[in-house]
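One structure below.
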Amino acid sequence: RAQELDTSLLRILPDHYTAQAFITTDLDDNQITAFHPGAMFQAQENHLAGCIPEDVRWAIVSPDGLGAMVQHLEDLTNAGIPTLFDPGQGLPLFDTATLTHLIDRADYLTVNDYECQMVQARTGLGVDELCQRLKALIVTRGEHGSVIYHDGEETIIPAAKPKAVLDPTGCGDAYRAGLLYGLERNLGWETIGKIASLMGAYKIESPGTQNHRFTWPEFQARYHENFGENIG
Numbered sequence: 003r004a005q006e007l008d009t010s011l012l013r014i015l016p017d018h019y020t021a022q023a024f025i026t027t028d029l030d031d032n033q034i035t036a037f038h039p040g041a042m043f044q045a046q047e048n049h050l051a052g053c054i055p056e057d058v059r060w061a062i063v064s065p066d067g068l069g070a071m072v073q074h075l076e077d078l079t080n081a082g083i084p085t086l087f088d089p090g091q092g093l094p095l096f097d098t099a100t101l102t103h104l105i106d107r108a109d110y111l112t113v114n115d116y117e118c119q120m121v122q123a124r125t126g127l128g129v130d131e132l133c134q135r136l137k138a139l140i141v142t143r144g145e146h147g148s149v150i151y152h153d154g155e156e157t158i159i160p161a162a163k164p165k166a167v168l169d170p171t172g173c174g175d176a177y178r179a180g181l182l183y184g185l186e187r188n189l190g191w192e193t194i195g196k197i198a199s200l201m202g203a204y205k206i207e208s209p210g211t212q213n214h215r216f217t218w219p220e221f222q223a224r225y226h227e228n229f230g231e232n233i234g
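Shown next, in the form of structure tokens:
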């Protein structure tokens with residue numbers, strides 16, 4: 003609410019704890035995660051069909067319970083809403099048929115380089131074959147930037163330079179926020195990728211997953227500093 007986000011569709015389950023994750027990260031970015039899903043076990047009960055606000059223009063399906071991810075992606079694509087599929091740490095939950103089906107249903111797939119290898123191994127599809135099924139495949143590569151496969155092209159996005167490296171947890175989510183921001187404004191893939199890259203840099207400078215803050219003028223200045231061009 004402090005960020006003026008619409009919370010009207012949040013569902014409160016008084017008998018369940020909020021999902022909790024405790025992540026230990028070393029200086030080489032190796033991580034050990036302890037996770038309790040809590041209320042997330044009930045996510046498949048949140049049916050989107052018939053209750054999606056008319057002004058929703060984009061959607062993302064990120065790690066959740068298996069049933070919820072399948073159901074929500076189906077509901078969104080049936081409603082004609084362009085959808086990013088971000089399976090993330092939920093990838094091991096999918097069998098080959100389900101994962102392939104969801105890729106076919108989604109408009110975009112966003113994964114990191116390790117997850118991309120896992121998707122290929124699980125589905126038996128190479129990058130070219132995945133691209134034939136999607137409008138775009140976005141693969142992040144940490145400090146090596148990212149690559150966006152789209153329209154038969156391969157757009158290489160350099161990594162924005164962080165001012166400090168404090169905590170990588172949540173960098174992928176910040177990157178995806180940048181993707182959604184750029185897609186909603188139809189900015190073009192190179193600009194979209196650079197916005198997403200800079201979002202990841204802001205995140206890694208801050209401890210915690212959502213504690214980074216900036217103003218639009220600050221973002222514009224950092225964008226020019228990193229990429230040598232202006233963003234309106």
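In my numbering, the protein residues as written are 3 to 234. Glycine included, C-beta positions come from ideal geometry on N, C-alpha and C. As the structure is a computational prediction, the values presented were derived from the model and not from experiment.
1. Nearest to P89 by CA position, among Y116, A81, N80, P164, is which residue?
2. Which partner residues of F87 appear in the DSSP bridge assignment?
3. Please state whether DSSP places H146 in a helix, a strand or coil.
4. Give the C-beta separation of C173 and K205 to the nearest angstrom, bearing in mind that I take them to be a contact with Cβ-Cβ under 8 Å.
5. Taking a contact to mean a Cβ-Cβ separation below 7 Å, would you say L200 touches R224 in this structure?
6. For the beta strand (DSSP E) holding A23, just list the boundary residues, first then last.
7. Smallest Cα separation from F221: which of P209, T157, A203?
8. For Q33, does the three-state DSSP call read helix, strand or coil?
9. By how many angstroms is the C-alpha of Q134 removed from the C-alpha of S148?
Reading it off the structure:
1. Y116
2. Paired residues: V63, L111.
3. helix
4. 5 Å
5. yes
6. 22-27
7. A203
8. Under the three-state reduction of DSSP output, Q33 falls in the strand class.
9. 19 Å
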